[in-house]
Every structure is written in C-alpha cells, then in structure tokens.
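A short worksheet on the structure shown next.
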Amino acid sequence: MATHYPKIGIRPTIDGRRRGVRESLEEQTMGLAERVAAFLQASLRYPDGTPVECVIADTTIGGVQEAAAAQAKFAAANVGVSITVTPCWCYGSETMDMNPSIPHAVWGFNGTERPGAVYLAAVLSAYAQKGIPAFGIYGEDVQDSGSEEIPQDVAVKLLRFAKAALAAALMKGRSYLSMGSVSMGIAGSIVNEQMFQDYLGMRNEYIDMSEFVRRFEEGIYDQEEYARALAWTKENCKVGADNNPPQLQVSEEDKERQWETVVKMTLIARDLMVGNPVLAEMGFAEEAQGHNALLSGFQGQRQWTDHFPNGDFMETILNSSFDWNGRRAPYIVATENDSLNGVTMLFNYLLTGTAQIFADVRTYWSPAAVKRVTGYELEGRAAGGLLHLINSGSAALDGTGVQQKDGEPVIKPFWETTDEEVKAALEATLFRPASQEYFRGGGFSTDFLTKGGMPVTMARLNLVKGLGPVLQLVEGYTVDVPEEVHRTLDERTDPTWPTTWFAPVLTGTGSFKSVYDVMNNWGANHGAISYGHIGADLITLASILRIPVSMHNVPEADVFRPRVWSLFGTESLEDADFRACRNFGPLY
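Each position in the sequence shown, counted from 1, maps to that position plus 380 in my numbering.
Here it is as structure tokens:
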C-alpha cells in the first residue's frame, strides 16, 4: 500500500455577514470542525494501522474567496474526502465545495439559536441542482448552541460516510494487476477496464504468467528473504494428508520442489504488485518498481496449473494479515483472476482493515437434505439451511476465526492481532497436497474450518451489459455444526479446501424469504466474505461510486445515501437507487 494516503478535509462554513453576526459564530464554528477532526482521527485508521489524518480549512468559510482558499489547501494536502460543518445559516452556493470528483458530506448542527438545518437543506439542494451528490447529516435531537457533544446518531453517520469515502479515495489512482488472463471461462476474470476507470478511478496492469517463470529462472526475487520464507513455511505450515489416489500421488522430492516453487510465487506476486527495492540493488531496477497495485488476480487454471503448482498457498498467504515477516496489512489477491470478486474483497477490506475470505458459493444445504444425508436436524441460526462456502484454498488464514475478542471468534485488523493468534491460525490449518485431477502441476490447498458464531457479510459485484456494475450483499453468521456432520457434507466435495458454513439473516421478503432464495438469487459462483455486519457501509460506498445495490438485508434505518437519492423516490429505496446511479453516472 502507498503511504501517501488521502486525507479528510473539514470545512467550517459560516454566515458571512460581518459587524456582529460572523464574529459571534467564529469560535463555535471552528470548534465544531476541530471536534469532528479529532473524532475521526481517533476513530479511523489507514490500511497500515496509522490514524487517519484530517485537514481543517485555515479560516471559517463565509464566501467564495474563502471556499477557494480551502480548496487550494486541500489540493496541496491530498484531501480526498470533504466534510462541511456548520451551526448556522451560510450562503449555500458560495460556500459549498464544488470538487465533483471527491465525496461530500454536510453536517448541519441541529440547534434552534441559529438555522444550521436551514443551511443544510439549502446547500444540499444546490448540490442536487449542480449534479454533485452529497450526504446530509442532521441530528435527531435539538442541541444547545454551546454543546460540544457529537450526538450518537451524528457520529454513526460521520463514521459511515468517512469510512466509505476514504475507501473510494484510497482506490483512486491505484492499479488492478491481472496476472494471466481468463480462467476457465469465468466471466469475472474478463477484466473490464472501463469499469475500473469510470467507477473506481483505477488503472489496469497486466502480466503474462510466464513472468513468474522468468523470475524463477533469472533469480529475480530477494534470495535472503526466500531462504527465510521457506524456513518459516517448513516450520509453521503443517502438511495434511494426501487425498489423491495412490497412482496420482507424487514423491516427497517432488513435493519439496513444489514447496520451493509456491514460496517463490508468493514473493514474486507481492513484488509484482507493490515492488521491492531489494530488486534494484540486484540490478533489476524496472522490476523493483512493481505495478502500484492495490489489488491483483491470478489466473492459474488451467494454463499454469496444468504444469506448475497452483496458486493456493500464494493467495492464502498474501490475503492473510501475516507471513514470515510478521503481522502486516493483507495484499488482496483474487483467485482465478476474478476481478469482480477481487473488487468486492477490496471494498470489504478498505471498510474494515481485515483480511478477507474468497470462496465459491458452492452449495445450499436445506434442512431436509442435511437430515437425509447425516441424520442431523439443523438448529439455531442454521435452522433454515446453510450455504457451504468453499474454494480451492485462497481464503485468508484469518478466516479460521481463531482470533478472539471478549471470548468470541473474530477477524481483527493486523495491528490488533497477537503473535499467539497468528500461531493459532497456523495451528488450525493444514496444507493438503492439491487434487492432481484438478491441478496437474500439484501445489498445496489450504484446509481449515471457520469457527461459528462470527457476524459476517458476503458480497459480490456483478457486471451487467447495459446496466454496468451492480452490488449484492447478505449479512449473516458463520455456524458450527457437529464434527461428523461437517465431515460427511465436506467429503461430498473436496475435503482439502477451507470451509465456512454460512447462515444468512432472513427477513421474510424478496431474496431473503429463505436461504434457498439467497442462493438462487446470487449473481455468480464466487463471494467475498468479511468479518462484521458491514452491509450499511457497503451500501454507502456503492452510492458514492454510483453502483446500485440489487440485493441486501440491511435494515432500512441503517441505509445512508446522498440526500438527493430521496428525490428519486422514497417508497422503494432499491428502485430509487437504480435511478439515481443511472442519472448521475460513474464517479469518474
């Protein structure tokens, strides 16, 4: 990740009338901006764990000259998010932030002494008229003019907007690195450059998978780190049973060579994404630069995996929040070069700071089917059935759920994870020799079972001709089932792969009438699973990017979009979302 992170700009706007009015409001208005900046800096972190930075305009903004001065300061400071705050009436179109390519929010203080709410309504109307969607923040309860409190409902909206807006800003100008091309006809790996450019502000970079071979043969990787990484892998990554029939099993010598290859692949993929100054010292200055990639995908199947070890270990370790160098931010890598699922993983990651589970949305197990096959009757959160989320091995090791908070399984940002939890995740994982029928070149699949009881959100970005990108998401919980039940169901597919048993939260309507309906309306074969119920944050981010949400089970009260969305209808928020996104078009 780049360290020159975008900042949040705070704009204190004020009634510009001098000789008494403005002077009486200066301290209150600037104090409001300072409290919002302090709140956000204490609450939010960048992907490397450092606190988010806020930049406050040098003066309160009472007119267009001061608005221009603030914009100039923000441009020089790499501000990527704009929040305007005020306790009073201001001149709307004269004080508003007119930058159309960054997200905007306005907090109009709810106090009767001065009409901050009147300004809020006026400036949001100006934003709507000028085609710059902005979020309106207005506390439910009237506050006294001298109050220094940020009410809970205002704090929730400030955080929701700021997290989503920063996610959008962090993507801008970065790259998606496609390592290879289309995997087995999977549409998500048909990388759509226009979508990345128009909706995310990202560029696309490409390498052929033969670049890995070149770097193997020419030794274009840090040799010292490779030796250390291989030693760490041998010491910490437990090899599980070989599930291949005897005639397809390879020798221990071949497996040893495969381990050497997959460790090298991990180093090389990381270097391709973000570069490595050690390579310049070795005489490979061009390779040392990397591709400025915030996200990547590896094709693997089949042109690579028919001959070389698969990418499972590489993807697993890079997606995890630790490796032989210790705890660190995940590198987001999509299996099978599914760029759309990769983008969804990136959304989740930027909103939470946590490692992601990439999985096939493989099987809906109805209560009746589970009962027939195992004799077990599903209960509790699983009573309506389960989704078996399982893929060939790219799920982050954090997905084991062995990290804990208050005695409950969680997935934490790397800066909260302990060394003991890293060891526990490795202990809970087996690296199984890959199925030779699928992966003729061998490799090692990650095998673990996610602990039940975690609130999680599964999401997926789909691309539709004539419509563009569409997001769908479902909040639910990971679930424990008895060991013998898991084993019986797991062995009907490939037991060398990681399993997450997922129970969606049902609402009784639409796609959430039943677990079957969730599965039946899912848009593709993959999903990105994040710790936490983050559906509301995803909806806010999607609205910033002008991506409609076609399916979600988030309570209506938690949905937070630009105020102008209500002018497209208030009865059916889903319909209004589609109309608003189409009307305003992609952010970039």
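Quick reminder that beta carbons are idealized off the backbone N, C-alpha and C, glycines included.
No experiment lies behind these values; they were computed from the predicted model shown.
Check	Outcome
In the DSSP assignment, find the alpha helix (DSSP H) that holds H866 and state where it starts and stops.	E863 to D870
Would you report the Cα separation of N728 and Y471, rounded to the nearest angstrom?	38 Å
Is the beta carbon of V836 less than 7 Å from the beta carbon of I909?	yes
For F794, which residues does DSSP report across the bridge?	The partner list for F794 (beta bridge, DSSP) is empty, contrary to what the question assumes.
Which same chain residues, not among the five before or five after G460, have their C-beta less than 6 Å away from its C-beta?	P386, I482 and A549
Taking only the alpha-carbon atoms, compute the straight-line gap between G856 and L674 and give it to the nearest angstrom.	27 Å
Give me the Cα-Cα distance between W902 and S746, rounded to the nearest whole angstrom.	16 Å
Using only alpha-carbon positions, find the residue among G620, E585, D588 and V643 that is nearest to D602.	V643
Buried or exposed: Y911, going by 16 or more other Cβ atoms within 10 Å of its Cβ?	buried
Look up Q421 in the DSSP assignment and say whether it is helix, strand or coil.	helix
Whole angstroms is fine: what's the gap from S462's alpha carbon to A804's?	41 Å
Tell me the DSSP secondary structure of Y579 in three-state form.	helix
Beta carbon of P513, beta carbon of V944: below 7 Å?	yes
Quick check: the Cα distance between M381 and F828, rounded to an integer number of angstroms?	Note on M381: pLDDT 41, under 50, position unreliable in the model; no value is reported.
Could you give the first and the last residue of the continuous beta strand (DSSP E) run that contains F819?	Looking at the DSSP string, F819 is not in any beta strand (DSSP E), and its letter there is neither H nor E.
Give the C-beta separation of S891 and V885 to the nearest angstrom, bearing in mind that I take them to be a contact with Cβ-Cβ under 8 Å.	Not a contact, Cβ separation roughly 12 Å.
Going by DSSP, what residues sit across from G516 in a beta bridge?	V486
Quick check on A607: buried or exposed, where buried means 16 or more other Cβ atoms within 10 Å of its Cβ?	exposed
Beta-carbon within less than 8 Å of Q445's beta-carbon, same chain only, minus the 5 sequence neighbours each way: which residues are those?	none
When burial is assigned at 16 or more other CB atoms within 10 Å of the CB, is F964 buried or exposed?	buried
Out of K618, F882, G765 and G846, which has the shortest C-alpha to C-alpha gap to R812?	K618
Along the beta strand (DSSP E) that carries F811, what are the first and last residues, could you check?	L810 to P813
Distance, Cα to Cα, W639 vs G848?	41 Å
Here's the rule I'm using: 16 or more other beta-carbon atoms within 10 Å means buried, otherwise exposed. How should D438 be labelled?	exposed
Which whole-angstrom value is the C-beta distance of N717 and M559, which I expect to be below 8 Å?	7 Å
Go ahead and label G888 buried or exposed: buried means 16 or more other beta carbons lie within 10 angstroms of its beta carbon, across all protein chains shown.	exposed
Determine the direct distance from the alpha carbon of G779 to that of E414, and round the result to whole angstroms.	38 Å
Take the Cβ of D957 as the centre, count every other Cβ of all protein chains shown within 10 Å, and call the residue buried at 16 or more, exposed below.	buried
Using beta-carbon positions only, say whether W704 and W612 come within less than 7 Å of one another.	yes
How would you label R540, buried or exposed, when you count the other beta carbons within 10 angstroms and need 16 or more for buried?	buried
Where N900 and T724 are concerned, what is the direct C-alpha to C-alpha distance, given to the nearest angstrom?	20 Å
Quick check: the Cα distance between N771 and F515, rounded to an integer number of angstroms?	38 Å
Are the beta-carbon atoms of T440 and T464 separated by less than 7 Å?	no
Could you please give the first and the last residue of the uninterrupted beta strand (DSSP E) stretch that includes K785?	Q783 to K785
State yes or no: is the C-beta of I924 within less than 7 Å of the C-beta of A544?	yes
Within a Cβ cutoff of 8 Å, which residues of the same chain sit near R594, ignoring the five residues on either side of it in sequence?	I600
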